[in-house]
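The sequence shown begins at 0 in the working numbering and counts up one residue at a time. The beta-carbon is built from N, C-alpha and C at its ideal position, and this holds for glycine as well. The structure presented is a predicted model; accordingly, all values stated were derived computationally and were not measured.
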Amino acid sequence: MSAATVHVDLPGRDYDIHIGPGVLDQVGGYVAAMGGRRHVCILTDETVAGLHLNQLQTALTAAGLTSEALALPPGEATKCWAQLQRAVEWLLEQKVERGDVVVAFGGGVIGDLAGFAAAILRRGVRFVQLPTTLLAQVDSSVGGKTGINSPHGKNLIGAFHQPSLVLADTDLLGTLARRDLLAGYGEVVKYGLLGDAAFFDWLEAHGPAMAAGDMAARVRIVTRSCEMKADIVQRDETEQGDRALLNLGHTFCHALEAATGYSDRLLHGEGVAIGCALAFELSARLGLCSQEDPSRVRAHLRDMGMKVDIADIPGDLPDAARLLDLMGQDKKVLDGKLRFILARGIGDAFLTSDVPGDTVLGVLRDALAMT
């Protein structure tokens, strides 16, 4: 099966995303072609290192490159000041120079942290995204958003720093736990819901086969998701307008993640899926779309075996007023007003600040009443 390539066309910062099985074995050639020192520094996590680091370093060696790796603890808690400092100091010990290449080898956590480290090291060094999870391949590795979390909220400290290259090996998805794969699928569904109704139709038909291991379906969903993200990022790199559409479901999601302490109780992609269902529920209550739309969103998520509602999150949650308060910490707040991505229908999302708080509260209260 041939790989696909998506080009991100940003003036002076354009790059390619190579997608398909077997891409990891070609990394050496891609990185060697970038020039610079023949020594590559890899930031990864302990889980990915145990599974795939040897294969990556073998590929680099085959291209005449030497490499060293730092493996950080896996999990969202790694996106913090302490691990960022550890990564930056290690890169400095490795004598990373402006013209060198840092490789981010892992899921969204490593991609975000390594990208931020590359952004602030010597005021910006080049980095390559080598995403190993579905969520990272379809979303977080593309577009240049990097950062870490704060006790005040998720991704509140960071920078825009585009990668020089993204290499998404769809073979690596085969080593993911089913829960992690499906969490990443939450971001895939988001793309269909925000701007491509035909893609959502396709997902309804082919999503289960993708989850079961159909490689052609996996290449298709990563490629289409990257095409949509690239198109939006090209129009609005620093989220002044259209790029905010990529946050469909995220205002609810980030509040739920904060409420569950950024723990394994709720993975990011699971929160996105629940958030998308809630965003469509809110849209229906405001008369923007038909009630069939949120029902269809939930039905597809259930077909995939995913978390669909707040009731699917284990353990106790704060009340609706507290969840609404947590939404107020979201980066999408503007002049103190919550900005929501709502929808006029599947594939037709838009950004608005004109959402009555009482309606949001009602949606949250009803969702919590089901728990």
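Residues near residue i in its chain [Cβ-Cβ closer than 8 angstroms; skip 5 each side]
{"i": "Leu-360", "result": "Ala-319, Ala-320 and Leu-323"}
{"i": "Val-95", "result": "Cys-40, Val-101, Leu-120, Arg-121 and Val-124"}
{"i": "Val-362", "result": "Leu-277, Glu-280, Leu-281 and Arg-284"}
{"i": "Thr-65", "result": "Arg-37, His-38, Val-39 and Leu-59"}
{"i": "Asp-15", "result": "Thr-4, Val-5, His-6, Val-7, Leu-164 and Val-165"}
{"i": "Tyr-29", "result": "His-17, Val-127, Leu-164 and Leu-166"}
{"i": "Gly-314", "result": "Thr-259 and Arg-264"}
{"i": "Asp-13", "result": "His-6 and Val-7"}
{"i": "Ala-86", "result": "Leu-42, Leu-69, Leu-71, Leu-112, Ala-113 and Ala-116"}
Reduced DSSP secondary structure (H/G/I, E/B, other) of residue i
{"i": "Leu-112", "result": "helix"}
{"i": "Ser-352", "result": "coil"}
{"i": "His-17", "result": "strand"}
{"i": "Ala-48", "result": "helix"}
{"i": "Phe-307", "result": "It is Val, not Phe, that sits at residue 307 in the sequence shown. Residue state, collapsed to three classes: coil."}
{"i": "Ser-403", "result": "No information on residue 403 is available, as it lies outside the stretch 0 to 370 that the chain covers here."}
{"i": "Thr-259", "result": "coil"}
{"i": "His-160", "result": "coil"}
{"i": "Thr-43", "result": "strand"}
{"i": "Leu-71", "result": "strand"}
{"i": "Leu-265", "result": "coil"}
{"i": "Leu-59", "result": "helix"}
{"i": "Leu-155", "result": "strand"}
Span of the beta strand (DSSP E) around residue i
{"i": "Arg-234", "result": "Arg-234 -> not in any beta strand (DSSP E); alpha helix (DSSP H) instead, spanning 214-234."}
{"i": "Asp-168", "result": "164-168"}
{"i": "Gly-346", "result": "From DSSP, Gly-346 is part of no beta strand (DSSP E); its letter is neither H nor E."}
Contacting residues, own chain, Cβ-Cβ under 7 angstroms from residue i (five flanking each side not counted)
{"i": "Thr-145", "result": "Asp-111, Gly-114, Phe-115, Ala-118, Gly-157, Ala-158 and His-160"}
{"i": "His-249", "result": "Val-271 and Gly-274"}
{"i": "Gly-35", "result": "Gly-98, Asp-99 and Val-100"}
{"i": "Leu-90", "result": "Cys-40, Val-101, Ala-116 and Leu-120"}
{"i": "Gln-290", "result": "Ala-283"}
{"i": "Ala-378", "result": "The requested residue 378 is not part of the displayed model; the chain covers only 0 to 370."}
{"i": "Lys-78", "result": "Val-108, Asp-111, Leu-112, Ile-147 and Asn-148"}
{"i": "Leu-325", "result": "Ala-254, Ala-257 and Ala-258"}
{"i": "Gly-105", "result": "Thr-43, Asp-44, Val-47 and Thr-131"}
8 angstroms Cβ cutoff met for residue i and residue j
{"i": "Ala-276", "j": "Arg-297", "result": "yes"}
{"i": "Ala-376", "j": "Val-221", "result": "In the structure as shown, the chain starts at 0 and stops at 370, and residue 376 therefore has no counterpart that could be examined."}
{"i": "Leu-133", "j": "Leu-202", "result": "no"}
{"i": "Val-26", "j": "Ala-58", "result": "yes"}
{"i": "Ala-216", "j": "Ala-208", "result": "yes"}
{"i": "Met-303", "j": "Gly-212", "result": "no"}
{"i": "Gly-185", "j": "Gly-346", "result": "no"}
{"i": "Val-188", "j": "Val-137", "result": "no"}
{"i": "Thr-43", "j": "Ala-62", "result": "no"}
{"i": "Met-305", "j": "Glu-256", "result": "no"}
{"i": "Thr-351", "j": "Ile-312", "result": "no"}
{"i": "Met-369", "j": "Asp-308", "result": "yes"}
{"i": "His-253", "j": "Gly-183", "result": "no"}
{"i": "Gly-11", "j": "Asp-170", "result": "no"}
{"i": "Gly-327", "j": "Leu-316", "result": "no"}
{"i": "Glu-92", "j": "Pro-73", "result": "no"}
{"i": "Leu-23", "j": "Gln-54", "result": "yes"}
{"i": "Asp-195", "j": "Met-227", "result": "yes"}
{"i": "Ala-70", "j": "Ala-48", "result": "yes"}
Beta-carbon proximity list for residue i, same chain, < 6 angstroms, skipping 5 on both sides
{"i": "Val-33", "result": "Correcting the residue identity first, residue 33 is Met in this sequence and not Val. Val-100, listed in sequence order."}
{"i": "Cys-288", "result": "Ser-282, Ala-342, Arg-343 and Gly-344"}
{"i": "Ala-348", "result": "Leu-193, Leu-244, Leu-247, Ile-340 and Ala-342"}
{"i": "Asp-241", "result": "Ile-231, Arg-234 and Asp-235"}
{"i": "Gln-128", "result": "Ala-103, Gly-110, Ser-140, Pro-162 and Val-165"}
{"i": "Tyr-261", "result": "Glu-75"}
{"i": "Leu-50", "result": "Thr-174"}
{"i": "Thr-237", "result": "Phe-159"}
{"i": "Ser-224", "result": "Val-137, Val-187 and Tyr-190"}
{"i": "Leu-155", "result": "Ser-149"}
{"i": "Gln-56", "result": "Ser-66"}
Contact with chain D by residue i, beta-carbon distance below 8 angstroms
{"i": "Gly-183", "result": "In the displayed structure, chain D is absent; only one protein chain is listed."}
Where the alpha helix (DSSP H) through residue i begins and ends
{"i": "Gly-11", "result": "Premise fails: Gly-11 is in no alpha helix (DSSP H) and is neither H nor E."}
{"i": "Val-188", "result": "177-194"}
{"i": "Val-26", "result": "26-31"}
{"i": "Val-7", "result": "Careful: Val-7 lies outside any alpha helix (DSSP H), inside the beta strand (DSSP E) at 3-7."}
{"i": "Glu-238", "result": "First-last for Glu-238: undefined, no H or E at that position."}
{"i": "Asp-318", "result": "Taken as a continuous stretch (DSSP letters only), Asp-318 belongs to no alpha helix (DSSP H), as it is neither H nor E."}
{"i": "Arg-338", "result": "Neither: Arg-338 is in no alpha helix (DSSP H) and is coded neither H nor E."}
{"i": "Leu-300", "result": "291-302"}
Cβ-heavy atom distance, residue i to the ligand FMN, below 7 angstroms
{"i": "Ser-224", "result": "Summarising the ligand content, the structure contains no ligands, and the ligand FMN is consequently not present."}
Alpha helix (DSSP H) runs wholly inside the segment 74-152, at least 4 long, in chain order: 80-92 and 107-119
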